[in-house]
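Engineer: Throughout the sequence shown, residue numbering follows this note's numbering, covering 74 to 141 in sequence. Okay, handing you the structure first.
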Amino acid sequence: MPSVQRIEFPPALMTRELAAYYLSMSLREVDELRATGKLIPVGDGKRVKFAKTELDRYVGQLAERSRT
(Lines of atoms letter the chains of each structure in order from A and count residues from 1; the text may use other names and numbers.)
(Lines give C-alpha, C1' and ligand atoms only; values in the text may rest on other atoms or scores of the structure.)
Protein backbone atom coordinates (compact mmCIF):
# COMPACT_ATOMS: atom_id res chain seq x y z
CA MET A 1 0.00 0.00 0.00
CA PRO A 2 1.51 3.39 -0.96
CA SER A 3 2.17 5.87 1.81
CA VAL A 4 0.19 9.10 1.90
CA GLN A 5 2.07 12.32 2.46
CA ARG A 6 0.42 14.47 5.12
CA ILE A 7 0.49 18.21 4.50
CA GLU A 8 -0.02 20.55 7.45
CA PHE A 9 -1.35 24.06 6.86
CA PRO A 10 -3.49 26.54 8.79
CA PRO A 11 -7.19 26.79 7.93
CA ALA A 12 -8.38 29.68 5.77
CA LEU A 13 -11.00 30.62 8.39
CA MET A 14 -10.35 30.51 12.12
CA THR A 15 -12.65 30.59 15.13
CA ARG A 16 -12.10 33.22 17.84
CA GLU A 17 -10.22 30.62 19.85
CA LEU A 18 -7.93 29.60 17.02
CA ALA A 19 -7.41 33.24 16.00
CA ALA A 20 -6.37 34.05 19.58
CA TYR A 21 -3.93 31.14 19.56
CA TYR A 22 -2.59 32.13 16.12
CA LEU A 23 -2.02 35.72 17.31
CA SER A 24 -0.68 34.64 20.73
CA MET A 25 -3.28 36.66 22.60
CA SER A 26 -6.34 36.15 24.79
CA LEU A 27 -9.93 35.82 23.62
CA ARG A 28 -10.63 39.14 25.32
CA GLU A 29 -7.93 40.84 23.24
CA VAL A 30 -9.37 39.35 20.03
CA ASP A 31 -12.84 40.57 21.05
CA GLU A 32 -11.47 44.08 21.73
CA LEU A 33 -9.74 44.18 18.33
CA ARG A 34 -13.01 43.10 16.70
CA ALA A 35 -15.04 45.70 18.65
CA THR A 36 -12.68 48.50 17.63
CA GLY A 37 -12.61 47.42 13.97
CA LYS A 38 -8.95 46.41 14.01
CA LEU A 39 -9.91 42.84 13.11
CA ILE A 40 -12.74 42.30 10.64
CA PRO A 41 -14.61 39.01 11.14
CA VAL A 42 -16.24 36.82 8.53
CA GLY A 43 -19.62 35.29 9.25
CA ASP A 44 -20.25 31.76 8.06
CA GLY A 45 -23.84 31.75 9.27
CA LYS A 46 -23.12 29.94 12.53
CA ARG A 47 -20.05 31.39 14.21
CA VAL A 48 -17.85 34.41 13.90
CA LYS A 49 -14.60 33.52 12.20
CA PHE A 50 -11.53 35.36 11.01
CA ALA A 51 -9.81 34.89 7.67
CA LYS A 52 -6.14 33.95 7.96
CA THR A 53 -5.38 36.78 5.54
CA GLU A 54 -7.07 39.25 7.94
CA LEU A 55 -5.02 37.98 10.86
CA ASP A 56 -1.84 38.21 8.79
CA ARG A 57 -2.78 41.77 7.78
CA TYR A 58 -3.10 42.73 11.44
CA VAL A 59 0.29 41.19 12.25
CA GLY A 60 1.80 43.07 9.29
CA GLN A 61 0.48 46.34 10.69
CA LEU A 62 2.11 45.58 14.02
CA ALA A 63 5.41 44.96 12.27
CA GLU A 64 5.09 48.25 10.37
CA ARG A 65 4.40 50.19 13.59
CA SER A 66 7.41 48.67 15.33
CA ARG A 67 9.70 49.88 12.53
CA THR A 68 8.61 53.51 12.82
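The beta-carbon is built from N, C-alpha and C at its ideal position, and this holds for glycine as well.
Checking contacts by CB at 7 Å: is E102 closer than that to chain D?
Structural biologist: The chain inventory of the structure shown lacks chain D, comprising one protein chain alone.
Engineer: So, for V132: in the same chain, excluding its five sequence neighbours on each side, which residues have a beta-carbon less than 8 Å away from its beta-carbon?
Structural biologist: Once the five neighbours on either side are set aside, the close Cβ partners of V132 are L96.
Engineer: Is the beta carbon of R120 closer than 7 Å to that of P114?
Structural biologist: Cβ atoms of P114 and R120: not closer than 7 Å.
Engineer: DSSP beta-bridge partners for F123?
Structural biologist: Beta-bridge pairing links F123 to M87.
Engineer: Relative to the C-alpha of L128, which residue among P83, S76 and Q78 is closest?
Structural biologist: Comparing Cα-Cα distances from L128 to each of P83, S76 and Q78, the minimum goes to P83.
Engineer: For L86, which option in Q134, G118 and E137 has the closest C-alpha, if you only look at C-alpha atoms?
Structural biologist: Here the closest residue by C-alpha is G118.
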